[in-house]
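The numbers in the UniProt record's numbering rise by one with no breaks, and the one at position 57 of the sequence shown is 57. Each residue gets a CB set at the ideal place from its N, CA and C atoms; glycine is no exception.
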Amino acid sequence: MSYAEFEPGRILIVRAEHDADLIQFITEIAKERDIESGFFTAMGALKRAELGFYDQETHKYQELTVDDHCEIASCVGNISILDGEPFVHVHAVLTYEDGEAIGGHLNEAQVFAAEVHIQEVKGPAMIRRHDDITDLSLWQFE
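Dropping the structure here:
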């Protein structure tokens with residue numbers, strides 16, 4: 001087990017720009033505001049998205065493209081450091097007009113309208129490093 005204790009930092013409430021890529025948008029905020037560690041939620045609607053499902057045997061993401069407008073039913077993520085830069089990791093559940101839902105790792109998300117709540121945390125750096133067992137970049141606390 002690897003863990004660390006943190007204190008609350010700044011809280012940012014942000015409206016994402018229409019047509020922005022949600023992940024790039026949050027990454028830019030993290031860089032501009034010097035946020036190295038934090039968590040966020042988002043709500044709103046997307047024009048299109050790309051989700052991924054990590055295959056634990058092949059260690060590859062299966063991608064699913066959503067080429068239709070959808071609502072963000074749930075969107076949670078974190079901000080940490082990967083290769084010296086802010087890294088945004090996001091999971092989302094998206095719903096269609098008929099109520100059908102789809103979810104997974106969010107790779108791309110073109111915003112129609114979205115509101116984001118970012119909670120910075122202060123403490124040891126949340127640095128991601130390659131994990132040989134999972135073949136993922138996971139948190140390593142220093």
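A direct Cα-to-Cα measurement between residue 57 and residue 15 gives close to 38 Å.
With respect to the 8 Å criterion, residue 9 and residue 115 are not classified as neighbours on the basis of their beta carbons.
Bounds of the alpha helix (DSSP H) holding residue 32 are 22-32.
Between residue 138 and residue 131, the C-beta spacing is below 8 Å.
Straight-line measurement puts the Cα of residue 3 at about 12 Å from the Cα of residue 127. The straight-line gap separating the alpha-carbon atoms of residue 100 and residue 125 is approximately 38 Å.
Counting along the chain, the unbroken beta strand (DSSP E) around residue 16 starts and ends at 7-16. If you look at residue 89, you'll find it in the beta strand (DSSP E) that goes 85-95.
By the CB criterion at 8 Å, residue 70 and residue 43 fall outside the cutoff.
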